[in-house]
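Residue numbering for the sequence shown follows the numbering used here, starting at 1381 and increasing by one per position. C-beta atoms are modelled at their ideal positions from N, C-alpha and C, and glycine is treated no differently. Fair warning: this is a prediction, and the values are worked out from it, not measured in the lab.
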Amino acid sequence: MLFLTLLRESLSFAIHALRVNRLRTLLSLLGITIGIFAIIAVFTAVDSMANKIRSSVQSLGDNVVFVQRFPWVPSGEWKWWEYFNRPIFKVQDQEDLQRRLTMAKAVVYTVNTTTTVRYETSYVENTSVVAATYQYDKVKSFDLSEGRYFTEHEAENGNALVIIGSNVADGLFPNEDPIGKEVKLFGRKVTVLGVFKAEGESMMGNSSDNQVLIPLEFARNVMNVEDADLEPFLMIAPKDGVSTETLKGELEGVMRSLRRIEPLAEDDFALNEVSVLAEPLNQMFGVVGTAGWIIGAFSILVGGFGIANIMFVSVRERTSQIGIQKSLGAKSWFILMQFLAESVILCFLGGMI
């Protein structure tokens, strides 16, 4: 009971001192508040950027293997001239892989280009066009805000259908329902079947907001889908329970067989996956996180020195009060508790702010 009474008196002394010296209290709070705010700001910025990049990378497909001419991260020297001379992927490659792979859930042939999409007097320039085979929805994660996806029959027959991004829909149909409307694409009329749900800007540049998706069989009527300038590629997703490493092992063997590559010869294709991009990003954010801790530590250190300096001034100002308390029998620890309570209250208030 005596200890609790003395503790209450110490807190009372501390609160009284803070009220009397309001300007000094305000400056002390400012120091600790800025220090804690610096830590929160740095880590919020780092985490926000990291989450943005990771979500952009994951939107490519967490467990999808991309079969392309160029590797995303070469194991040694960047031999671009060798990569450039590698054979272009054909639609026949997709059909052969679909038939021969036992561990793949979906094999998709994809080609990207840009064009202008028109509807009556409205148009959207530099729209990204994705032409893909039917199983595109099994290798790429996306949601539709309106309409539906292609049926297998529609995709294989090459029906003139399109799914448009949210920005394209807003540009062409600001006050109309786009579903069922006919837009012009490559000079051909195509019917809007669905609208991608808005995703926002992607740091990897793969947002569907400015994209339109058309069946590959329809695209073959309006452009050369095996053109080397368009860099066609394959996207392959493993079956449930099959790892990407296992799929890559089978995929490499089948691709080498299809292209009749000699046993000791190098692959003339690259197997890319998202994890290749994630590893350097994790290392980068580890370094940035360490830098954030250092910045935060210095900020707290400055705030702590500010409070320590204020407490030093407070002790010097109240020397006479301390003398009177000691002459009345106050113990040193009781006097120390008053100043510790004052500094703790300052820290607590600064943190709350």
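As DSSP reads the structure, L1593 sits in a beta bridge with V1510, I1543. In this structure K1520 is buried. Its beta-carbon is surrounded by 16 or more other beta-carbon atoms within 10 angstroms. In this structure, the straight-line span from the alpha carbon of R1449 to that of N1465 is close to 9 Å. Distance from the CA atom of I1674 to the CA atom of N1506, rounded to whole angstroms, is 44 Å.
Cβ contact annotation for E1646 (same chain, cutoff 7 Å, sequence separation greater than five): none. When only Cα atoms are considered, P1595 and P1454 end up about 32 Å apart. Listed in chain order, the non-local C-beta contacts of D1517 below 8 Å within the same chain comprise Y1529, local neighbours out to five positions each way being set aside. M1615: member of the beta strand (DSSP E) spanning 1613 to 1618, first to last residue. Closest option to T1699, judged by alpha-carbon separation, among G1686, N1689, I1715: I1715. In the three-state reduction of the DSSP assignment, S1455 falls in the coil class, being assigned neither a helical nor a strand state. In the structure shown, the three-state DSSP call for R1498 is strand. Sixteen is the threshold: since fewer than 16 other Cβ atoms of the shown chains lie within 10 Å of the Cβ of A1677, the residue is exposed. Inside the segment 1642 to 1686, DSSP marks whole beta strand (DSSP E) runs of 3 or more residues at positions 1650 to 1653, from first to last along the chain.
Taking all protein chains in view, the Cβ of M1664 is surrounded by fewer than 16 other Cβ atoms within 10 Å, so the residue is classified as exposed.
In terms of Cα proximity to L1627, the closest of R1640, E1606, N1652 is N1652.
Where E1534 is concerned, the enclosing alpha helix (DSSP H) starts and stops at 1532 to 1537. Among the bridge pairs identified by DSSP, A1484 is matched with P1618. In the DSSP assignment, Q1705 falls within the unbroken alpha helix (DSSP H) covering 1699 to 1707. The three-state secondary structure of K1520, taken from DSSP, is coil. Annotation: the continuous beta strand (DSSP E) that includes K1564 extends over 1562 to 1565.
Taking 8 Å as the cut-off, the Cβ atoms of P1612 and V1491 count as close. With three or more CB-CB distances shorter than 8 Å, the segment 1459 to 1477 counts as touching the segment 1601 to 1612. Non-local beta-carbon contacts of G1669 in its own chain, meaning distances under 7 Å to residues more than five positions away in sequence, involve V1426 in chain order. A distance of 8 Å or more separates the beta carbons of V1422 and G1686.
In this structure, DSSP gives N1431 a helical state, which the three-state scheme calls helix.
For F1576, the secondary structure class from DSSP, reduced to helix, strand or coil, is strand.
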